[in-house]
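Protein chains: 6
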Amino acid sequence: MTGGLVTFGETMALFTPPTVGRLRHAGSLMLGIGGAESNVAIGVARLGLPAAWFGRVGADELGETVLTRIRGEGVDVDAAVRDSEVPTSLMIKERPQPGIARVTYYRQDGPGARLRPSDVDESVLRGAQILHLTGITPALSDSACETVRASVELARTLGVLVSLDVNYRAALWPAERATPVLRELVRHCDVLFAGDDEAELLGVTGAPEVQARRLAGLGPREVVIKLGARGAVGWVDGAPVAVDALPVEAIDAVGAGDAFVAGYLAELMSGEPVTERLATAAACGACAVSVPGDWEGFPHRDELSLLTSRHGTVIR
Amino acid sequence: MTGGLVTFGETMALFTPPTVGRLRHAGSLMLGIGGAESNVAIGVARLGLPAAWFGRVGADELGETVLTRIRGEGVDVDAAVRDSEVPTSLMIKERPQPGIARVTYYRQDGPGARLRPSDVDESVLRGAQILHLTGITPALSDSACETVRASVELARTLGVLVSLDVNYRAALWPAERATPVLRELVRHCDVLFAGDDEAELLGVTGAPEVQARRLAGLGPREVVIKLGARGAVGWVDGAPVAVDALPVEAIDAVGAGDAFVAGYLAELMSGEPVTERLATAAACGACAVSVPGDWEGFPHRDELSLLTSRHGTVIR
Amino acid sequence: MTGGLVTFGETMALFTPPTVGRLRHAGSLMLGIGGAESNVAIGVARLGLPAAWFGRVGADELGETVLTRIRGEGVDVDAAVRDSEVPTSLMIKERPQPGIARVTYYRQDGPGARLRPSDVDESVLRGAQILHLTGITPALSDSACETVRASVELARTLGVLVSLDVNYRAALWPAERATPVLRELVRHCDVLFAGDDEAELLGVTGAPEVQARRLAGLGPREVVIKLGARGAVGWVDGAPVAVDALPVEAIDAVGAGDAFVAGYLAELMSGEPVTERLATAAACGACAVSVPGDWEGFPHRDELSLLTSRHGTVIR
Amino acid sequence: MTGGLVTFGETMALFTPPTVGRLRHAGSLMLGIGGAESNVAIGVARLGLPAAWFGRVGADELGETVLTRIRGEGVDVDAAVRDSEVPTSLMIKERPQPGIARVTYYRQDGPGARLRPSDVDESVLRGAQILHLTGITPALSDSACETVRASVELARTLGVLVSLDVNYRAALWPAERATPVLRELVRHCDVLFAGDDEAELLGVTGAPEVQARRLAGLGPREVVIKLGARGAVGWVDGAPVAVDALPVEAIDAVGAGDAFVAGYLAELMSGEPVTERLATAAACGACAVSVPGDWEGFPHRDELSLLTSRHGTVIR
Amino acid sequence: MTGGLVTFGETMALFTPPTVGRLRHAGSLMLGIGGAESNVAIGVARLGLPAAWFGRVGADELGETVLTRIRGEGVDVDAAVRDSEVPTSLMIKERPQPGIARVTYYRQDGPGARLRPSDVDESVLRGAQILHLTGITPALSDSACETVRASVELARTLGVLVSLDVNYRAALWPAERATPVLRELVRHCDVLFAGDDEAELLGVTGAPEVQARRLAGLGPREVVIKLGARGAVGWVDGAPVAVDALPVEAIDAVGAGDAFVAGYLAELMSGEPVTERLATAAACGACAVSVPGDWEGFPHRDELSLLTSRHGTVIR
Amino acid sequence: MTGGLVTFGETMALFTPPTVGRLRHAGSLMLGIGGAESNVAIGVARLGLPAAWFGRVGADELGETVLTRIRGEGVDVDAAVRDSEVPTSLMIKERPQPGIARVTYYRQDGPGARLRPSDVDESVLRGAQILHLTGITPALSDSACETVRASVELARTLGVLVSLDVNYRAALWPAERATPVLRELVRHCDVLFAGDDEAELLGVTGAPEVQARRLAGLGPREVVIKLGARGAVGWVDGAPVAVDALPVEAIDAVGAGDAFVAGYLAELMSGEPVTERLATAAACGACAVSVPGDWEGFPHRDELSLLTSRHGTVIR
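Residue numbers (UniProt numbering), protein chains in the order written: chain A, 1 to 316; chain B, 1 to 316; chain C, 1 to 316; chain D, 1 to 316; chain E, 1 to 316; chain F, 1 to 316.
Have a look at this one:
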């Protein structure tokens with residue numbers, strides 16, 4: 001790929017009941033897909049930049065569902081692997097009460113856990129601007145973890161920037177196992193995204209602004225602490241930065257963090273200054289939470305101006 | 001339980017797209033449940049006899065879906081276990097082309113595989129007439145297999161008849177692993193149901209009538225070879241028996257074998273002669289295939305006469 | 001039944017259009033069930049206590065729908081009667097404008113009106129802790145009214161506590177006919193639930209706290225005045241009590257009163273003090289209004305702590 | 001009305017589950033309407049002739065559904081009465097097995113039973129060509145029966161032809177009560193439609209051709225015996241007539257008889273000869289059974305030629 | 001028509017995705033109809049006054065959908081023309097974000113653009129009280145514009161009041177083309193409805209109250225400036241008038257203006273004073289925005305009092 | 001593109017009611033896409049060969065729907081143009097009676113008609129194996145026709161084979177206008193697909209086998225006459241060829257011809273002999289008709305063997 005973002009991880013089929021309430025009373029579930037990394041790739045593609053995603057899916061209809069939908073969004077999936085040994089992973093996202101989302105995963109020993117270093121196609125990475133990773137993939141299995149490490153090494157060799165969203169998932173691995181792995185990754189990445197709780201997991205305390213600076217001390221040149229409805233703060237190129245969240249009503253908060261990352265990285269690849277990166281990131285997050293679906297509401301570039309003209313963006 | 005049938009195994013949530021075609025083009029899936037053993041229990045309950053089912057489900061909404069629906073049909077599920085370690089197993093049943101069904105399972109290391117001998121509640125079994133087992137459960141895990149063995153032993157001690165439907169599932173275990181286990185079970189059961197291909201798997205060749213007689217030689221007093229649209233033949237109490245299938249159009253063949261077993265066992269528990277057992281079994285199978293769903297079409301007793309009066313039942 | 005709650009009345013099929021708006025523009029209606037008494041029984045069962053419901057349904061598919069769904073929730077329906085003379089009663093619940101519910105009933109001369117004293121199965125009542133009644137049943141017909149009276153008498157003989165929710169339905173009988181019947185019932189019950197308007201119908205005026213005390217003067221040891229979003233006040237064992245409602249958004253208020261009653265009675269049966277009874281009652285009401293459906297949102301016991309930890313419960 | 005057909009009776013809301021199977025397993029039902037008389041009026045209107053229907057509906061949303069849909073089809077409903085005393089009648093049409101329809105009615109003491117002679121608006125009848133009646137209306141109540149009698153008398157006074165479709169409904173009244181009433185009506189009608197079983201109910205035996213001739217002997221100038229898939233035979237203006245049914249696959253047979261009647265009467269009003277009346281009647285019946293719904297498949301005039309050119313019509 | 005309102009224009013099929021979000025992610029669209037003029041006619045008919053609508057639709061199923069639904073609401077459509085040259089126009093109404101509606105039209109060179117003066121049936125207009133027009137129709141084509149002009153002339157000849165809702169649609173014609181045409185129409189109408197932005201388009205500046213008076217100076221006896229959630233002001237019979245909007249939550253604002261016009265004109269035809277006209281207009285607007293659909297929420301007369309008793313109406 | 005097929009034309013949004021019956025009675029329609037050329041491209045991509053499609057869509061959500069779904073299937077759409085002047089074309093596909101499909105188009109002056117020679121991107125065509133065209137595109141407008149001609153010329157210059165499917169659409173242009181244009185195209189193509197009626201339109205009479213030979217005389221090296229359920233015959237490289245259709249039940253025949261063409265061309269590009277081309281073409285056609293949707297049932301390569309092993313393929 002020439003320019004653009006490369007990412008990999010596990011993307012799953014996503015079943016969602018159509019209304020709020022107990023799943024047991026639902027007659028049907030809607031079929032979608034979702035994965036933190038492919039969400040970011042879709043977000044980047046919608047903003048007009050090249051994006052490629054790879055990973056493993058089962059050699060079955062849910063696997064084709066995953067690939068068809070990601071590819072449909074203009075993301076290159078040619079390096080994805082169909083693994084005929086296991087079925088495609090899936091998740092069920094319920095909303096038992098208004099405002100509460102509960103996700104159940106069927107991914108144990110699934111295709112994502114079978115990722116291996118040889119799945120990383122050097123030809124995909126060569127010429128890319130950014131390799132984006134999340135802290136989910138190393139939690140899936142030893143070989144997936146090894147794949148992440150190998151990809152970082154390859155990226156550095158090829159001169160590709162490394163971006164990491166910490167995305168700590170307690171259900172996949174305990175803190176004591178996650179912390180050393182994630183800290184090691186932080187040390188080798190250029191751009192880092194974390195929540196303030198995740199910063200603490202990485203051993204960094206203090207106000208979010210302080211956390212950002214301290215994390216930058218570990219290695220990354222750009223650190224952004226995502227604070228949800230409270231916006232974001234960061235430490236970028238040796239200076240503090242901050243952005244407010246846009247005041248929208250949150251319909252479905254899942255995926256908002258991925259939209260934020262996509263917005264930031266797309267502007268980074270476009271050579272925009274950090275204020276612009278954060279403004280776009282906040283706008284993307286606002287779009288994402290306003291409609292149902294993990295990524296379906298992510299904005300196209302021409303929609304950004306509409307949104308920000310309605311709301312304004314506050315860069316402090 | 002006083003009188004009636006006890007059975008156990010794994011019942012799963014069942015997702016089905018509403019129409020024929022590729023799953024990837026489906027916008028939604030319907031939520032149901034299914035499991036060979038609970039299907040039989042529901043069939044028996046609809047025919048008016050006591051039935052109890054137990055097994056493990058996850059401590060989640062899909063688990064409650066399984067329990068709610070089985071219990072709703074009048075089957076006692078009080079001995080079922082909610083296992084908070086793993087999510088409830090599920091399956092996806094597609095019809096990519098008319099007349100073709102393809103099922104994908106998410107049950108690896110699921111609640112069913114965590115069945116253990118201590119899950120068998122002696123108080124449930126005591127006083128029952130029949131313990132019904134399938135060849136699916138021993139394939140799930142060593143401990144599930146051990147549970148089956150322990151239940152057979154307990155049943156024999158308590159004077160409860162043991163019924164076995166071979167139900168060989170090649171996806172769960174290879175023939176070389178299944179055959180010795182299943183042969184051992186056959187030896188200890190009183191009533192045996194098998195397809196002609198399953199009879200071969202058990203090492204018994206020849207025409208179905210011959211297979212039935214030879215299988216009876218291994219131990220069971222009653223052997224019925226289920227032949228689908230060709231009806232069934234058997235060797236019961238030392239004599240050959242046969243029944244034709246009713247001439248109905250098959251809308252959804254999944255579950256027809258379970259309906260057949262339920263019909264047979266319900267009449268056996270009612271003290272009906274073998275001709276009546278087979279007639280009811282055939283009628284139940286015909287009802288089951290006529291409407292969508294694994295068990296939803298199973299008949300109530302008062303519906304049987306309507307059906308057989310329309311079609312007649314041919315006992316040869 | 002050993003321990004637990006027994007209740008009876010009429011439960012109906014419930015048709016609801018999927019969205020707000022005129023029914024005439026709806027293309028389809030969802031199929032559910034509902035009835036004040038079975039709602040309470042389901043609420044009690046979800047909180048982990050034994051519950052039994054009986055009543056009459058038609059010998060038809062809607063009748064099976066009613067029985068299947070109640071039984072699916074773990075409520076014993078073995079004493080219910082299938083009446084082949086009349087079809088199962090049904091109701092249509094529209095929401096023509098947001099926040100307005102309009103229910104049309106098809107129950108005139110239906111199975112509920114055909115309840116008769118012989119439908120009360122002494123074996124069900126024997127050993128129960130509570131017989132729960134509503135003021136709906138005596139309004140259905142003379143024989144239904146007689147059935148209520150007979151059941152109260154039997155309960156008292158058997159030493160079973162009698163609980164009554166006034167539930168006055170103006171569409172079923174005029175105040176002049178209802179008041180004497182309901183007052184008579186109040187006199188013979190141990191636990192009484194009423195709205196403040198219903199208390200007035202019973203001839204008791206004043207602030208709700210005063211009404212509670214005055215109603216207790218008529219006989220019941222425990223009186224609770226349900227005040228919806230304003231919480232509840234009562235007079236229990238000779239002392240005033242009160243609880244606030246939890247501050248949740250009401251999506252569907254139908255059934256909230258039944259949830260409240262279920263919560264109160266479940267804790268009463270568990271031997272909890274009145275503050276705990278009211279706290280659980282308020283939590284159950286809050287759960288019920290938060291999701292669509294008359295009873296579908298009622299909580300399981302393990303969900304109560306989640307809710308109250310989020311909201312806190314104010315016992316004054 | 002100048003020219004055209006006037007009819008009256010009870011039209012009900014119609015709830016239908018979307019697929020074959022037990023109603024209890026349906027999650028939703030579709031909302032439609034149906035009634036033998038309004039079906040005929042719709043059929044006549046679609047063929048381009050004036051048609052008016054009246055009757056009673058409840059003053060509720062289902063009543064508006066009935067009126068909106070009939071009026072939408074171009075049938076004049078201005079003389080219909082909204083009766084605020086009772087809710088609109090409804091029916092549930094299930095297909096528990098392929099090819100089997102089961103209808104449950106909620107019409108006891110409903111608006112239809114409250115029809116009274118004063119509901120017959122002389123201004124609607126004056127100038128009409130045909131008053132069409134069915135044997136359902138007199139079965140609803142004494143006052144409905146009286147209304148039918150009064151309308152016949154008025155029609156004869158005004159010189160309006162009287163058409164009667166026997167439509168015997170055993171669930172509404174027993175043969176011994178129905179026969180004398182229906183025979184009396186037959187005596188006063190000009191055009192009579194009956195099934196061969198209904199002809200027997202009227203006391204007329206023999207082959208259908210013989211029945212037709214014998215019924216004509218009671219009074220009607222035109223008698224048609226509807227034989228479903230076997231076509232129809234009749235005795236019209238003193239001579240035998242017959243038509244074959246068109247060879248179409250029956251998806252939903254309900255309403256086919258009404259379509260047949262509509263086709264026959266529309267051509268009669270247009271002055272077409274009997275062969276044309278029967279050909280159109282048969283074509284209308286064929287259209288009706290080919291799509292789901294009681295009347296939704298009835299043809300417009302320009303669709304008739306398409307159909308008959310595909311199939312041909314055999315007039316013997 | 002004797003008394004009542006006559007209107008004409010283009011009514012289209014209306015496709016709407018069931019939820020908020022990008023249309024591309026919708027699996028299905030709901031089928032409805034809509035058109036500013038038929039909306040007004042439906043509103044008038046629901047308030048109990050005679051109403052007729054005509055216009056052109058294609059000779060196809062969408063055309064029948066349009067006619068069936070308008071006629072179903074009790075509006076006379078006998079003068080409508082089925083034009084077999086072009087398909088019925090349609091529109092797609094998306095809600096990409098909560099509170100944002102986006103409509104795409106497929107009406108270029110459609111039936112509406114083919115309206116011609118000869119489509120105006122003098123017999124429909126004769127005896128009517130009001131001819132209602134919108135500024136949409138003259139924008140459709142030269143011949144549609146000519147039809148509007150011809151109808152105004154005919155109305156004045158027949159002594160029928162002319163009502164005009166400016167309804168400027170920028171997508172159909174630019175301001176420089178629209179302004180002279182609309183100003184000319186304003187000069188010949190008796191009752192005028194406009195937004196404040198539309199008043200400016202007509203060349204009239206100032207506060208809305210001033211605009212109303214100035215527009216009245218151009219010819220119309222009654223001028224009402226619709227201000228949405230801010231209510232309306234006007235200049236009627238030489239005096240200022242005003243009404244507040246009712247404080248309801250807007251679910252779907254499309255059609256609210258048409259409901260307002262229908263309410264005003266219905267009361268005008270009933271001879272009600274201007275305060276009553278405005279009160280009903282405001283109540284109709286409030287009903288319209290409270291439920292989904294362009295016209296489905298318009299009130300019947302007996303529903304008005306319910307609404308205003310809940311909210312009160314403020315006539316200043 | 002290196003190797004593979006390039007095609008262009010107009011692809012539209014496709015609205016389909018979910019069941020058989022009049023569209024006016026449908027509550028909703030499903031959203032899909034379709035176009036003869038993109039159908040072929042999807043078919044080729046599913047068989048594992050590179051495929052690119054281009055054309056014009058509106059700059060709106062239906063346009064994104066078209067692009068997303070084609071791209072999702074692995075077809076390169078990078079050369080497609082978003083035209084902000086007109087909305088994306090759409091079509092409505094009804095099934096008023098079983099086995100009858102009726103399509104209404106909204107494409108007049110749409111994006112397809114605005115195709116122009118400069119839309120043909122030389123870089124896409126360079127290196128391709130086949131340029132596939134249909135007789136639909138030249139019918140859309142003069143500039144679309146000119147685009148087809150220019151593309152043929154460019155293809156011949158670049159040494160790219162030209163394939164043409166006649167696809168005569170009488171609704172778009174009369175025979176007298178179509179025939180000379182299509183005959184001219186036939187002269188310049190290498191591979192020609194036509195129905196026997198289309199061959200007649202091209203002025204070639206006789207049995208299909210004779211027509212094929214005669215059409216080959218006009219220029220194309222390979223001519224295939226598609227005969228639907230009767231299979232196909234052809235004249236390829238100077239010799240007659242034929243294939244039977246596979247005996248499957250046709251659920252939805254639309255798109256079967258495109259599947260056939262895709263199968264033929266995919267094998268041609270793979271260097272397979274003509275018998276193999278025809279066998280795959282027939283298998284693709286059989287898959288296409290077996291499930292609903294214009295292209296959704298097209299086979300992947302690994303599904304072909306399953307199908308042909310079930311049915312066998314008869315090459316005569």
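Glycine included, C-beta positions come from ideal geometry on N, C-alpha and C. Predicted model, so just to flag it, every value in this text is computed and none were measured.
Endpoints, the beta strand (DSSP E) within which residue i is located
i	result
residue 134(F)	130-134
residue 207(C)	Per DSSP, residue 207(C) belongs to no beta strand (DSSP E) and is neither H nor E.
residue 240(C)	239-243
Sequence-distant residues of its chain with Cβ nearer than 8 Å to residue i (five each side left out)
i	result
residue 303(B)	287
Beta-carbon neighbours of residue i, restricted to chain F and to distances below 7 Å
i	result
residue 24(E)	61, 64, 65 and 68
Residue i - DSSP class collapsed to helix/strand/coil
i	result
residue 299(B)	coil
residue 171(A)	coil
residue 16(E)	strand
Cβ-Cβ distance between residue i and residue j below 8 Å
i	j	result
residue 87(E)	residue 20(E)	no
residue 130(A)	residue 5(A)	yes
residue 291(D)	residue 285(D)	no
residue 34(E)	residue 295(E)	yes
residue 125(E)	residue 144(E)	no
Interface residues of chain B facing residue i [CB-CB closer than 7 Å]
i	result
residue 31(A)	26, 27, 28 and 29
Own chain residues within Cβ distance below 6 Å of residue i, not counting five before or after
i	result
residue 142(C)	none
residue 92(D)	15 and 104
Neighbourhood of residue i by C-beta distance below 7 Å, restricted to the same chain and skipping five residues each side
i	result
residue 256(A)	285, 288 and 289
residue 17(E)	23, 26, 29 and 94
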